[in-house]
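Q:
In mature numbering (1 follows the signal peptide of the UniProt record, and there is no 0), the protein residues as written are -26 to -1, 1 to 186.
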């Protein structure tokens, strides 16, 4: 019962973290190149937001974004962050589906419990890979942006990516650790199989009884 609750909690936490990573991937407020009241700002037009897909200029009267369509001309940290976040967003779907289909309340035919455990562990490992992609991307992007632009501050999309990565790391660890089948359950399963399938008598016994 405790393992089931932990597995369900890990599943819910992983889903929230995966959604947060998708939000971080789709939005462009990863780093802010200037903030209100900073000495580095001369005019309001210098306040900008930088993300995976566009660079935006923020002023009092408008919010204008320029898409980054020239992929080959982009810095390496942006290309790497894009690839990692897209991988995390896509990989999260089969990972969450595997964990969902391994819940005790869902049965796929007459499959043994060991099959559910293996499927749940695989889903947990995939969620951990999602977390790893998110962590690497959200760490590399601000470092690269700082080297390129100098002064900056973190944006709301970057915080969403950090929170989503931590939640996926926690949820994937819970699912992976709580899905392994205990040795006592294995012994019970094999003893039950042995009781239902008795060993047939050997051919030597048949020959002896025929001789008598």
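The beta carbon of each residue, even a glycine, is placed where N, CA and C say it ideally should be.
What three-state label does DSSP hand residue 24 in the structure shown?
A: Position 50 of the chain shown, counted from the first residue, corresponds to residue 24. Correct three-state label for residue 24: strand.
Q: Can you give me the C-alpha to C-alpha distance between residue 116 and residue 4, rounded to a whole angstrom?
A: Locating residue 116 in the chain shown gives position 142, where the first residue counts as 1. Locating residue 4 in the chain shown gives position 30, where the first residue counts as 1. Going from the Cα of residue 116 to the Cα of residue 4 covers about 8 Å.
Q: Taking Cβ positions, are residue 187 and residue -10 nearer each other than 9 Å?
A: With the chain covering only -26 through 186, there is no way to say anything about residue 187.
Q: Throw me the rounded Cβ distance for the residue 28 and residue 40 pair, which I believe falls under 8 Å.
A: Locating residue 28 in the chain shown gives position 54, counting from the first residue. Locating residue 40 in the chain shown gives position 66, counting from the first residue. Right, the Cβ-Cβ distance comes to about 6 Å (below 8 Å), so this counts as a contact.
Q: Do residue -13 and residue 73 have their C-beta atoms closer together than 9 Å?
A: Mapped onto the chain shown, residue -13 falls at position 14. Mapped onto the chain shown, residue 73 falls at position 99. Yes, the Cβ-Cβ distance between residue -13 and residue 73 is below 9 Å.
Q: According to the Cβ coordinates, are residue 98 and residue 51 closer than 9 Å?
A: Sequence index remark: in the chain shown, residue 98 carries index 124 (1-based). Sequence index remark: in the chain shown, residue 51 carries index 77 (1-based). Going by C-beta atoms, residue 98 is not nearer than 9 Å to residue 51.
Q: Output needed for residue -1: all residues of its chain with C-beta closer than 7 Å, excluding positions within five of it in sequence on either side, in chain order.
A: As a position in the chain shown, residue -1 is number 26, starting the count at 1. Cβ neighbours of residue -1 beyond the five flanking positions: none.
Q: Determine the DSSP secondary structure at residue 122, reduced to helix, strand or coil.
A: Mapped onto the chain shown, residue 122 falls at position 148. DSSP places residue 122 in helix when its eight states are reduced to three.
Q: Count the other CB atoms within 10 Å of the CB of residue 32; is the residue buried (16 or more) or exposed (fewer)?
A: As a position in the chain shown, residue 32 is number 58, starting the count at 1. By the 10 Å Cβ count, residue 32 comes out buried.
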